[in-house]
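K.L.:
For what it's worth, the working numbering labels the leading residue of the sequence shown as 111, then goes sequentially. Every residue gets a Cβ at the ideal spot worked out from N, C-alpha and C, and that includes glycine.
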Amino acid sequence: HGPAYQVLHNSWRSGDQVIGLLSQKLPANHQPENLPTIATPRLIELCFQTAGIWEMGVQLRMGLPYHIDRLNILRSSTKPDGPEGKMHAVVSPGADGNFNATVIDSKGDVHLTVEGYRTMELPNAVENTQLKPLKDIFNH
111 HGPAYQVLHN SWRSGDQVIG LLSQKLPANH QPENLPTIAT PRLIELCFQT
161 AGIWEMGVQL RMGLPYHIDR LNILRSSTKP DGPEGKMHAV VSPGADGNFN
211 ATVIDSKGDV HLTVEGYRTM ELPNAVENTQ LKPLKDIFNH
């Protein structure tokens, strides 16, 4: 990804979920930057990257977005770069290897949900030794 879509500032495990915090310091989302977006693509990407942390830490694999069953946009922003303030993706793994995600703001308002997100594995994308820190976190 280019800098505009390196959206995951940090993440942490919370029980059977992983939480991702949207970076507050991102360059313009698109050009011309004053045009609005409808689907808040950075928030969707936040879900993808947060789910990727779970995949790398638990499944020891890296994948690219492959499929979404459903995307629900519940709040849209009139700002070109999406809503302001702290935004978190709360991602839960599903029973069949998919993920469900909810993006919430600091007030607890839900902005979007992603249901049935799946990835396609990138073979040999990351060495297992590089994944050890994530594996250690998810196996506690």
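Starting from the Cα of His140, find the closest Cα among Ala161, Pro113, Gly130 and Gln159 and give me that residue.
P.N.:
Comparing Cα positions, the closest option is Pro113.
K.L.:
What would DSSP say about Gly130, mapped onto helix, strand or coil?
P.N.:
Here Gly130 sits in strand by DSSP.
K.L.:
In the DSSP output, which residue or residues are listed as bridge partners for Asp215?
P.N.:
Met197.
K.L.:
Looking at the unbroken alpha helix (DSSP H) that takes in Arg152, where does it start and where does it end?
P.N.:
Pro151 to Trp164 is the span of the alpha helix (DSSP H), which, as asked, contains Arg152.
K.L.:
Let's see if you can read the secondary structure: which residues bound the alpha helix (DSSP H) around Leu170?
P.N.:
Neither: Leu170 is in no alpha helix (DSSP H) and is coded neither H nor E.
K.L.:
Please confirm if the stretch 236 to 244 is in contact with the stretch 198 to 207, defined as three or more CB-CB distances below 8 Å between the two stretches.
P.N.:
The answer is no - the stretch 198 to 207 does not touch the stretch 236 to 244, with fewer than three Cβ pairs under 8 Å.
K.L.:
Let me confirm a value: Gln159 is counted as buried when at least 16 other C-beta atoms fall within 10 Å, else exposed. Which label applies?
P.N.:
So Gln159 ends up on the buried side.
K.L.:
Taking Phe248 as the reference, give the member of Gly125, Tyr176 and Asn120 with the closest Cα.
P.N.:
Checking every option, the nearest Cα to that of Phe248 belongs to Gly125.
K.L.:
Any C-beta of chain C sitting closer than 9 Å to the C-beta of Phe209?
P.N.:
No chain C is present in this structure, which holds just one protein chain.
K.L.:
Would the beta-carbon of Ile178 be found less than 8 Å away from any heavy atom of the ligand FAD?
P.N.:
No copy of the ligand FAD appears in this structure; indeed no ligand is present at all.
K.L.:
For Leu222, report the span of its beta strand (DSSP E) as first-last.
P.N.:
Per DSSP, Leu222 belongs to the beta strand (DSSP E) from Val220 to Glu231.
K.L.:
List the whole-angstrom C-beta distance separating Thr212 from Val220, where the pair is believed to meet the contact cut-off of C-beta under 8 Å.
P.N.:
With a Cβ gap of about 6 Å, Thr212 and Val220 count as contacting.
K.L.:
State the DSSP-derived secondary structure class of Leu181, mapped to helix, strand or coil.
P.N.:
Note: Leu181 maps to strand in three-state DSSP.
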